[in-house]
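Adding 8 to a residue's 1-based position in the sequence shown gives its number in this note's numbering.
Even glycine gets a Cβ: it sits at the ideal position worked out from N, Cα and C.
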Amino acid sequence: FEQLYRSMHHYFRARSFALKNPEFPLIAIVFPTQQSYLRFAQQNGRRVSSSTLGYYDPESNRIQMFDITANRENFADWYTNAETIIHEAAHQTAFNVGIHNRFAVTPRWLIEGLGTLFEAPGVWDSHAHPDATQRVNRAQLEYYRKRVNTRNSLELLSMQLTSDKVFQRDASLAYAHAWALTFYLTENLPRPYANYMRHTASRQAFVDYPSEERLKDFTRFFGTDLKMFDARLQRFISEVK
Numbered sequence: 009f010e011q012l013y014r015s016m017h018h019y020f021r022a023r024s025f026a027l028k029n030p031e032f033p034l035i036a037i038v039f040p041t042q043q044s045y046l047r048f049a050q051q052n053g054r055r056v057s058s059s060t061l062g063y064y065d066p067e068s069n070r071i072q073m074f075d076i077t078a079n080r081e082n083f084a085d086w087y088t089n090a091e092t093i094i095h096e097a098a099h100q101t102a103f104n105v106g107i108h109n110r111f112a113v114t115p116r117w118l119i120e121g122l123g124t125l126f127e128a129p130g131v132w133d134s135h136a137h138p139d140a141t142q143r144v145n146r147a148q149l150e151y152y153r154k155r156v157n158t159r160n161s162l163e164l165l166s167m168q169l170t171s172d173k174v175f176q177r178d179a180s181l182a183y184a185h186a187w188a189l190t191f192y193l194t195e196n197l198p199r200p201y202a203n204y205m206r207h208t209a210s211r212q213a214f215v216d217y218p219s220e221e222r223l224k225d226f227t228r229f230f231g232t233d234l235k236m237f238d239a240r241l242q243r244f245i246s247e248v249k
């Protein structure tokens, strides 16, 4: 958790995004079993799928997860645990250092795009993994290439930018697209991306974020020609190695 916190500070500082110090301690609760984890979530009114390993709760500002490696010696399980910790810790850190705003509506793709971005070793630990290829989230790249093509890419982009409905309809596709979009922006347009993040974080608390305003904000920083933007996004992702 602490390493991820330091890595995120370094990552955004290198992109001229000054982060604030958290107002409160960043707490994570690790349950010994899946059963105790699910029971706790249910008792606290959270609808959590049995397929999830953990989640960040903006209301309590805590991470809840369970140890998938408990009483098991399996490297794949350990890696899954690590990915979950990194993803949820990225959310918690982002909501506490000024990247996101806990009390304002933030586009879901922006939140999950950052979480999946930091799952890659080259992002959360660039000193140990300095190669550019290690900044790629391989699982998300593979799924994106499997599901997204020139026939559906522009429509998918438009849906992501104007609402959170893709996450409700097809979560796996939404996560992959959020990663691809975020990876493209951070690799090619880091300054506009940082400015866009500042803008969304400065939105008024507890106010809706209608589709028209979401799109207006995005095009303010990245241009109004979505067809051209999507073509550049697809070209970039097709060339990722």
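Nearest-angstrom Cβ-Cβ length linking serine 166 and leucine 234, presumed shorter than 8 Å: Within the sequence shown, residue 166 is the residue found at index 158, counting from 1. Within the sequence shown, residue 234 is the residue found at index 226, counting from 1. Going by Cβ atoms, the distance from serine 166 to leucine 234 rounds to 7 Å, so yes, they are a contact pair.
For tryptophan 86, three-class secondary structure by DSSP: In the sequence shown, counting from the first residue as 1, residue 86 sits at position 78. Unreliable placement is indicated for tryptophan 86, whose pLDDT of 48 sits below 50; the coordinate value is still reported in the next sentence. It is helical.
Could you compute how far the alpha carbon of alanine 188 sits from the alpha carbon of lysine 249? Numbered from its first residue, the sequence shown carries residue 188 at position 180. Numbered from its first residue, the sequence shown carries residue 249 at position 241. Between alanine 188 and lysine 249, the C-alpha separation is close to 13 Å.
Contact set for leucine 181: own chain, Cβ-Cβ below 6 Å, skip 5 residues either direction: Counting from one through the sequence shown, the residue named residue 181 turns up at place 173. Correct list, in chain order: Arg155.
Which residue wins for smallest C-alpha separation from glutamate 127, given the options Gln142, Ser57, Leu118 and Gln168? In the sequence shown, residue 127 corresponds to position 119, counting from 1. If we check each option's Cα against that of glutamate 127, Gln142 comes out closest.
Over the uninterrupted beta strand (DSSP E) stretch that includes tyrosine 63, give me the two end residues. Counted from its first residue, the sequence shown places residue 63 at position 55. From DSSP, the beta strand (DSSP E) with tyrosine 63 extends over 62-65.
Can you give me the C-alpha to C-alpha distance between proline 66 and glutamate 221, rounded to a whole angstrom? Residue mapping note: residue 66 aligns to position 58 of the sequence shown, counting from 1. Residue mapping note: residue 221 aligns to position 213 of the sequence shown, counting from 1. Taken atom to atom, the span from the alpha-carbon of proline 66 to that of glutamate 221 is near 23 Å.
Quick check on isoleucine 245: does DSSP put it in helix, strand or coil? Against the sequence shown, residue 245 aligns to sequence position 237. Three-state DSSP puts isoleucine 245 in a helix.
Buried versus exposed call for histidine 99 [16 or more other C-beta atoms within 10 Å across all chains shown]: What you label residue 99 is simply residue 91 of the sequence shown in a count that begins at 1. Label assigned to histidine 99: buried.
Could you pull the DSSP bridge partners for alanine 26 from this structure? Residue 26 sits at position 18 when you count from the first residue of the sequence shown. According to DSSP, alanine 26 shares a beta bridge with no other residue.
Excluding the 5 residues flanking glutamine 212 on each side, which residues of the same chain have their C-beta closer than 7 Å to its C-beta? The residue you call residue 212 lines up with position 204 of the sequence shown. Contacts found: Ala112.
Taking phenylalanine 226 as part of the alpha helix (DSSP H), name the residues at either end of that continuous run. Translated into positions along the sequence shown, residue 226 becomes position 218. Counted as a single uninterrupted DSSP element, the alpha helix (DSSP H) harbouring phenylalanine 226 occupies residues 219-230.
Terminal residues of the continuous beta strand (DSSP E) containing glutamine 72? As a working mapping, residue 72 is identified with position 64 in the sequence shown. Looking at the DSSP string, the run of the beta strand (DSSP E) that includes glutamine 72 is 70-74.
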